[in-house]
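Residues 117 to 268 (the working numbering) are what the sequence shown spells out, left to right.
Ideal Cβ placement from N, Cα and C applies to all residues, glycine included.
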Amino acid sequence: MKIIARLTLREAVRRRMVLAAGLLGLAFLLIYNLGFFFLYRDIRASGGLGPTLARNEFFNFISMAGMYAVNFLGIVMAALIAADTLAGEIGTGTIQAVVTKPLRRGEVVLGKWLGFVILLTLYLTLMGGGVFVSLWAQAGYPGAARLDRPWR
Numbered sequence: 117m118k119i120i121a122r123l124t125l126r127e128a129v130r131r132r133m134v135l136a137a138g139l140l141g142l143a144f145l146l147i148y149n150l151g152f153f154f155l156y157r158d159i160r161a162s163g164g165l166g167p168t169l170a171r172n173e174f175f176n177f178i179s180m181a182g183m184y185a186v187n188f189l190g191i192v193m194a195a196l197i198a199a200d201t202l203a204g205e206i207g208t209g210t211i212q213a214v215v216t217k218p219l220r221r222g223e224v225v226l227g228k229w230l231g232f233v234i235l236l237t238l239y240l241t242l243m244g245g246g247v248f249v250s251l252w253a254q255a256g257y258p259g260a261a262r263l264d265r266p267w268r
């Protein structure tokens with residue numbers, strides 16, 4: 117099963133889906149950072165956010181909007197990668213090389229699933245981290261700084 121998961125990861129890289137998803141993710145983070153930069157600059161120029169509650173509400177809204185977009189990109193990536201994997205390999209005949217090994221069908225399917233889970237977990241972690249790091253780097257948002265000690 118681990119071998120099938122590793123082959124699934126290699127297949128995703130070979131078909132350049134990881135590259136496309138990475139470029140989409142970088143484009144999103146760039147646009148998100150630019151939007152937050154200009155919004156935060158205008159708010160500071162107009163007198164700031166006022167009390168702490170208004171400041172926290174603003175940062176929570178911006179971070180939730182970013183995480184919503186990350187969630188959407190993750191769903192799109194999952195659909196694009198998984199759509200043609202098993203059916204495409206059956207259609208092209210590349211699955212024949214894998215099935216000749218002494219593996220059960222369940223191991224092949226679970227190995228494919230495990231490869232997708234690893235890929236999507238890595239993607240969502242990097243994208244979500246990018247959102248929080250951008251908020252922390254530009255404005256010192258305390259929500260991102262609390263990630264190291266969430267019990268505070």
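Between which two residues does the alpha helix (DSSP H) containing residue i stretch?
i, result
"Y156", "133–161"
"M117", "No alpha helix (DSSP H) contains M117, which DSSP labels as neither H nor E."
"G244", "221–255"
"L165", "Per DSSP, L165 belongs to no alpha helix (DSSP H) and is neither H nor E."
Should residue i go down as buried or exposed, given a rule of 16 or more other Cβ atoms within 10 Å for buried?
i, result
"L135", "exposed"
"A255", "buried"
"E205", "buried"
"F177", "exposed"
"A137", "buried"
"S162", "exposed"
"F175", "buried"
"L155", "exposed"
"L238", "exposed"
Below 7 Å CB to CB, which residues in the same chain sit around residue i once its five sequence neighbours on both sides are set aside?
i, result
"V247", "Y148, S179, G182, M183, V186"
"A128", "V134, I197, L235"
"G244", "M183, V186"
The ligand GTP heavy atoms versus the CB of residue i: any closer than 7 Å?
i, result
"G163", "Although the ligand GTP was asked about, the structure shown includes no ligands whatsoever."
Could you tell me whether the segment 144–158 touches the segment 208–224, using the rule of 3 or more Cβ pairs below 8 Å? no
Under 8 Å, with one C-beta from each stretch per pair, do the segment 117–126 and the segment 225–244 reach the 3-pair mark? yes
At least three beta-carbon pairs within less than 8 Å, the segment 232–246 to the segment 193–205: yes
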